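Novice: Right, I'll just put the structure down here and ask away after.
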Amino acid sequence: MPLLDDKEAGPAGPARSGGRFKSWGRFLEEVRAKIPKAKRITPLGSARKPSAVGLRRTAAEEVAGLSPHARSPRRRAEGCPYHGGGSACASRSCQPSFFAPGAPREKRSPSGTSLGSGSHGEMLYTPREVHDTPGFYMEGLSVDSTPTTEYRLSSFSNCSSPPVNDESSYGSSFLRVSSQDNCKEVYCLFASPLGHPAINVRSEVETIQEAFEESGSGARLNVGVATVQSLSKLLTLAKSQKGLVLHLSAHSIRSDKGDVGLVLEDFCGKAHVLWKKRLEEILGMKESGLRSVSLLFLSTCWSQELAQVFVECGCPHVVCLRSPVYDVAARRFSQQFYLSLGVGESLLSAWQTARSWLCTDSKPELAEQADHFVLFGQRGADKVTLSELCGEEAEKPEFGSLRKLEAASRFLLAESLIPPRPENFLGRPQFIHEVLHLLSGHDSRRACTVWGAEGIGKSAFGVEFAHFATAPGRPFSCSSQILKIESSGAVSVAHLLLEGLEALANQLEVSLRPFSGDSRSEVSGASTHLGSDQELMSSLLPVRQRIRRGFKQIERIRRKAPVLLVVDDEVGAFASSAAVRKLFGELLEHTCHLHLLVLSRTPIYSSLGPSKVVNVALPGLEEYDAAKLFLQRMHRKLEARDFPADPMGSADAGGGAPSPSPPRGVLEAAIQRLKGHPLLHRLAGHPGNIREVASRVVPGGPSLIDLAQLEVEP
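Residues in the sequence shown are numbered from 1 upward in steps of one, following the numbering used here.
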């Protein structure tokens with residue numbers, strides 16, 4: 001709250017007194033008068049008074065160590081837009097013009113003098129509605145291109161980004177940005193739906209996070225899944241802000257009619273395509289509602305057409321891709337781009353630097369993709385920095401909360417606590433969706449069992465499911481634990497639950513009462529030779545109470561945020577021990593948002609407390625996925641002797657070559673050839689058997705025909 005002027009009184013009584021200066025206004029005036037005029041710092045865009053386009057500290061405030069937001073009410077009356085007085089700068093048209101492939105553009109200086117045509121065949125592209133509005137430009141073909149008019153930063157200058165929830169508010173793993181926080185907020189939304197090539201979200205988030213940490217920028221990265229709802233909510237809340245930076249990582253597709261669509265996710269991880277026309281309707285073409293989204297990075301192949309939609313809706317700066325690029329090229333560009341922004345370089349300079357460094361990559365296939373990164377942006381990108389893009393902190397009331405976002409640090413921690421993703425995991429997207437829908441749909445279940453024969457891939461499924469379901473913004477956002485039961489005794493299972501509880505609480509930053517040595521001894525010392533399960537459970541009563549209290553405490557702190565326990569039951573404890581079923585049944589009975597996924601060799605028909613267990617059988621792989629897995633696991637290329645009839649020919653492919661993966665056409669031909677093979681038919685899609693037999697396909701070893709004649713034990 002700004003200090004009262006010496007002639008004003010606050011709502012609680014008269015103004016403060018007792019010092020030489022009765023207000024900051026009088027203090028600043030006297031300090032400013034002692035500083036030579038030549039050394040004074042003038043606000044951006046004006047030499048006389050603070051303008052509405054950028055609030056910078058005056059020289060007096062520099063000396064006093066004050067923020068420009070703690071000024072007196074007198075400053076409000078003089079037109080400071082950050083305290084509600086005065087008017088904002090003139091709005092800009094939402095109908096821009098772009099530089100893109102088309103016709104040679106003519107460079108002009110700020111005064112309008114022609115500087116000649118741009119190099120590298122730069123062209124002028126003008127959308128159908130915007131022929132006469134020189135408000136925007138696009139950089140994509142030359143790193144020495146320069147803006148052509150004087151830069152004026154507008155409404156995205158000096159305000160914080162939309163806040164997100166903290167555990168203490170909604171009780172979930174959402175963040176809240178306090179009005180007193182003075183840090184830059186950057187948002188990352190991703191969409192990697194089932195049935196599409198997986199995006200390495202962790203690597204992309206790590207890349208951006210490391211860039212901000214190494215640059216010392218103090219920027220905070222928040223991560224969430226990109227659904228129509230989350231994207232719409234973030235863009236809507238951005239309208240009340242003065243600056244928001246959004247990194248959107250997703251796939252794009254093109255229909256048979258040539259329409260471009262952005263591939264987002266639905267609630268259970270399936271693809272939800274947002275076509276360009278529908279995107280225009282959501283963004284509100286006529287309202288220019290995206291002026292506060294100061295920077296959008298569309299890390300999406302073929303996103304140039306989509307970028308134009310965002311720019312025409314008012315987004316001042318958009319980085320996009322004119323064609324498909326390798327994931328590693330996108331990460332290297334992003335790393336240098338955000339690192340340059342973090343150290344204070346301008347947006348245009350950061351973009352140019354990232355392209356220049358990518359051009360020098362030792363791998364030619366990556367270096368040649370530098371020109372695919374395009375910058376749409378308003379003239380003045382050579383001046384705007386990360387602080388201005390994010391919006392400098394201004395005095396403001398408490399904002400509402402934005403759910404389903406996680407701090408990048410929490411996401412990376414949660415990912416590190418889950419076992420690594422299984423190598424060569426194939427063919428289970430429909431089952432991941434089915435189980436996720438069962439546990440998180442409208443009529444969600446509390447307990448589900450995925451069962452199947454030994455080696456069918458249950459453990460791999462559980463790990464993959466945990467990674468997918470607990471990604472930020474998905475149903476079990478950063479809230480899961482995987483427990484592996486190796487002994488069917490209730491005592492060892494209780495000890496395992498305690499360890500899982502403590503690990504989950506640490507992961508979610510929830511404080512639990514310290515677990516004393518005496519309490520631990522109660523678990524270890526519980527007798528395993530008592531006369532009945534009832535006596536055994538009585539001896540474990542203190543431990544059971546602690547487990548229940550711990551999970552209830554997590555729910556109280558996080559309220560409506562679901563928690564997932566994945567239990568890999570290798571020894572059949574659920575089927576053989578009523579005490580084990582009672583332990584987990586009590587947990588489900590005394591909690592509301594805890595969900596249980598059991599991996600078992602047999603279905604579970606007994607209820608766990610009040611909860612019915614839904615059983616999902618996990619079958620073998622489809623023939624296509626089985627053939628692909630076999631090719632990935634073998635140690636040599638396919639040969640003519642591997643087939644009973646014609647030689648392989650151009651379909652020669654396999655997993656033994658140290659070089660990168662074979663071309664898609666060659667791999668597809670090999671898969672099609674292998675699909676009808678007698679060996680593959682005998683393996684019946686069993687992942688464990690496929691891995692075992694494929695490991696015998698070595699140079700100089702038996703042929704596939706020979707292996708097909710051997711006995712394969714399921």
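No residue lacks a Cβ here, since even glycine has one placed at the ideal position from N, Cα and C.
Being a predicted model, the structure only gives us computed values, none of them experimental.
State the CB to CB distance for the pair LYS612 and ILE671, rounded to an integer number of angstroms; the pair is presumed to be in contact (CB under 8 Å).
Specialist: For the purposes of this step, residue 612 is taken as residue 612 along the sequence shown, with counting starting at 1. For the purposes of this step, residue 671 is taken as residue 671 along the sequence shown, with counting starting at 1. Wrong, their Cβ atoms sit about 40 Å apart, outside the cutoff.
Novice: Going straight from the alpha carbon of GLY284 to that of LEU306, what length do you get?
Specialist: Locating residue 284 in the sequence shown gives position 284, where the first residue counts as 1. Locating residue 306 in the sequence shown gives position 306, where the first residue counts as 1. When rounded, the distance between both Cα atoms is 14 Å.
Novice: Go ahead and label PRO542 buried or exposed: buried means 16 or more other beta carbons lie within 10 angstroms of its beta carbon, across all protein chains shown.
Specialist: Counting from one through the sequence shown, the residue named residue 542 turns up at place 542. Exposed, since its Cβ has fewer than 16 Cβ neighbours within 10 Å.
Novice: By the 10 Å Cβ neighbour count, where 16 or more other Cβ atoms means buried, how is TYR326 classified, buried or exposed?
Specialist: The sequence position of residue 326 within the sequence shown is 326, counting from 1. Answer is exposed; the Cβ neighbour count stays below 16.
Novice: Quick test of your reading: GLY261 and LEU274, contact by CB under 8 Å. State the CB separation rounded to the nearest angstrom.
Specialist: By one-based count along the sequence shown, residue 261 stands at place 261. By one-based count along the sequence shown, residue 274 stands at place 274. So it is a contact: roughly 6 Å between Cβ atoms.
Novice: Regarding PRO364 and the ligand GTP, is the C-beta to nearest heavy atom distance less than 8 Å?
Specialist: Of the ligands one can find in the structure shown there are none, so the ligand GTP has no counterpart to examine.
Novice: Pull up the distance between the alpha-carbon of GLU502 and that of GLU281, whole angstroms please.
Specialist: Within the sequence shown, residue 502 is the residue found at index 502, counting from 1. Within the sequence shown, residue 281 is the residue found at index 281, counting from 1. Rounded to whole angstroms, GLU502 to GLU281 spans 47 Å at the Cα level.
Novice: Under 7 Å Cβ to Cβ from SER215, same chain only, skipping five residues before and after it: list those, please.
Specialist: As a working note, residue 215 is residue 215 in the sequence shown. The answer, listed in chain order, is LEU339, GLY342, VAL343.
Novice: When you compare the stretch 319–335 with the stretch 369–382, are there three or more beta-carbon pairs, one atom per stretch, that lie closer than 8 Å?
Specialist: Touching, per the Cβ criterion.
Novice: Taking buried to mean at least 16 other C-beta atoms within 10 Å of its own C-beta, is ASP443 buried or exposed?
Specialist: Here residue 443 is taken as the residue at index 443 of the sequence shown, counted from 1. Classification of ASP443: exposed, given that the 10 Å Cβ count is below 16.
Novice: Quick one: residues in its chain with C-beta nearer than 7 Å to the C-beta of GLY550, no 5 flanking neighbours on either side, listed in chain order?
Specialist: Locating residue 550 in the sequence shown gives position 550, counting from the first residue. These residues qualify, in order along the chain: LEU501, ALA505, LEU512.
Novice: Quick one: using the 10 Å Cβ neighbour count with 16 as the cut-off for buried, is SER695 buried or exposed?
Specialist: Here the question's residue 695 lines up with position 695 in the sequence shown. So SER695 counts as exposed.
Novice: Taking just the CA atoms, how far does ARG355 sit from ARG331?
Specialist: The residue you call residue 331 lines up with position 331 of the sequence shown. The residue you call residue 355 lines up with position 355 of the sequence shown. Each residue's Cα considered, the two are about 12 Å apart.
Novice: Just to confirm the assignment, what range does the alpha helix (DSSP H) spanning TRP357 have?
Specialist: Along the sequence shown, read from residue 1 onward, the residue named residue 357 stands at position 357. 347–359 is the span of the alpha helix (DSSP H), which, as asked, contains TRP357.
Novice: How is the alpha helix (DSSP H) around TYR338 delimited, first residue to last?
Specialist: For the purposes of this step, residue 338 is taken as the residue at position 338 of the sequence shown. Looking at the DSSP string, the run of the alpha helix (DSSP H) that includes TYR338 is 327–342.
Novice: Is the beta carbon of LEU348 sitting closer than 9 Å to the one on CYS315?
Specialist: Mapped onto the sequence shown, residue 348 falls at position 348. Mapped onto the sequence shown, residue 315 falls at position 315. No, the pair does not count as a contact, with Cβ atoms beyond the cut-off.
Novice: State the Cα-Cα distance for the pair ASP568 and GLU434, rounded to the nearest angstrom.
Specialist: Locating residue 568 in the sequence shown gives position 568, counting from the first residue. Locating residue 434 in the sequence shown gives position 434, counting from the first residue. Approximately 19 Å between the Cα atoms of the pair.
Novice: Which value, in whole angstroms, describes the spacing of the CA atoms of LEU386 and CYS313?
Specialist: If you number the sequence shown from 1, residue 386 lands on position 386. If you number the sequence shown from 1, residue 313 lands on position 313. If I take the Cα positions, the gap works out to 21 Å.
Novice: Skipping 5 residues on each side, what residues in its chain have a beta carbon closer than 7 Å to that of GLY427?
Specialist: Along the sequence shown, one-based indexing puts residue 427 at 427. Counting only Cβ-Cβ distances below 7 Å, and skipping sequence neighbours, we find LEU621, GLU622, ASP625.
Novice: Just the C-alpha distance for LEU683 and ARG641, rounded to the nearest angstrom, thanks.
Specialist: Start at 1 with the first residue of the sequence shown, and residue 683 comes out as number 683. Start at 1 with the first residue of the sequence shown, and residue 641 comes out as number 641. Between LEU683 and ARG641, the C-alpha separation is close to 19 Å.
Novice: At what residue ranges does the stretch 189–240 contain a whole run of the alpha helix (DSSP H), taking only runs of 4 or more?
Specialist: Entirely contained in the stretch 189–240, the alpha helix (DSSP H) runs reaching 4 residues are, in chain order, 201–215, 228–238.
Novice: Measuring CA to CA, which of VAL205, TRP357, TRP351, ARG601 is closest to LEU375?
Specialist: One-based indexing of the sequence shown puts residue 375 at position 375. Of the candidates VAL205, TRP357, TRP351, ARG601, the one whose C-alpha sits nearest the C-alpha of LEU375 is TRP351.
Novice: How about LEU296 and HIS272: are their beta carbons less than 9 Å apart?
Specialist: Indexing the sequence shown from 1 puts residue 296 at position 296. Indexing the sequence shown from 1 puts residue 272 at position 272. No, Cβ-Cβ distance for LEU296 and HIS272 is not below 9 Å.
Novice: Could you check the C-alpha separation between ALA578 and ASN200 for me, to the nearest Å?
Specialist: Mapped onto the sequence shown, residue 578 falls at position 578. Mapped onto the sequence shown, residue 200 falls at position 200. Cα to Cα, the separation comes out at about 41 Å.
Novice: Using DSSP with H/G/I as helix, E/B as strand and the rest coil, what is TYR187?
Specialist: Walking along the sequence shown from the start, residue 187 turns up at place 187. TYR187 falls in the strand class under three-state DSSP.
Novice: Might you give, ordered along the chain, the residues of its own chain that have their beta carbon closer than 7 Å to the beta carbon of GLN507, omitting 5 neighbours on each side?
Specialist: The sequence position of residue 507 within the sequence shown is 507, counting from 1. Excluding residues within five positions, the ones whose Cβ falls inside 7 Å are LEU413, ALA414, LEU417.
Novice: Tell me whether CYS390 sits in a helix, a strand or coil according to DSSP, three-state version.
Specialist: Residue mapping note: residue 390 aligns to position 390 of the sequence shown, counting from 1. CYS390: helix per DSSP, three-state reduction.
Novice: Looking only at its own chain, which residues have a Cβ that is under 7 Å from the Cβ of GLU586, when we skip the five neighbours before and after it?
Specialist: Residue numbering aside, residue 586 sits at position 586 when the sequence shown is read from its first letter. Within the same chain, GLU586 has close Cβ partners ARG544, ARG548, GLY609.
Novice: For GLN632, does the three-state DSSP call read helix, strand or coil?
Specialist: Numbered from its first residue, the sequence shown carries residue 632 at position 632. Of the three classes helix, strand and coil, the one that applies to GLN632 here is helix, per DSSP.
Novice: Would you mind giving the Cβ-Cβ distance between SER409 and PRO562, rounded to the nearest angstrom? I have them listed as a contact below 8 Å.
Specialist: Looking up residue 409 in the sequence shown gives position 409. Looking up residue 562 in the sequence shown gives position 562. With a Cβ gap of about 21 Å, SER409 and PRO562 do not count as contacting.
Novice: Counting only runs of 3+ residues fully inside the stretch 564–613, write out the beta strand (DSSP E) ranges in chain order.
Specialist: 594–600, all fully within the stretch 564–613.
Novice: Work out the CA separation of ARG558 and VAL566 for me, nearest whole Å.
Specialist: Looking up residue 566 in the sequence shown gives position 566. Looking up residue 558 in the sequence shown gives position 558. Distance between the alpha carbons of VAL566 and ARG558 is about 19 Å.
Novice: Would you say LEU496 and LYS484 are within 9 Å of each other, going by their C-beta atoms?
Specialist: The residue given as residue 496 occupies position 496 in the sequence shown. The residue given as residue 484 occupies position 484 in the sequence shown. Contact flag set, yes.
Novice: Short check: CB of SER487 to CB of ALA573, under 9 Å?
Specialist: As a position in the sequence shown, residue 487 is number 487, starting the count at 1. As a position in the sequence shown, residue 573 is number 573, starting the count at 1. The answer is yes: Cβ separation under 9 Å.
Novice: Rounded to the nearest angstrom, what separates GLY455 and TRP357 at their Cα positions?
Specialist: As a first step, residue 455 must be located in the sequence shown, where it is residue number 455. As a first step, residue 357 must be located in the sequence shown, where it is residue number 357. C-alpha separation (whole angstroms): 46 Å.
Novice: With a 10 Å radius around its C-beta and 16 neighbouring C-beta atoms as the bar for buried, classify ARG556 as buried or exposed.
Specialist: The residue given as residue 556 occupies position 556 in the sequence shown. Exposed: under 16 other Cβ atoms inside 10 Å.
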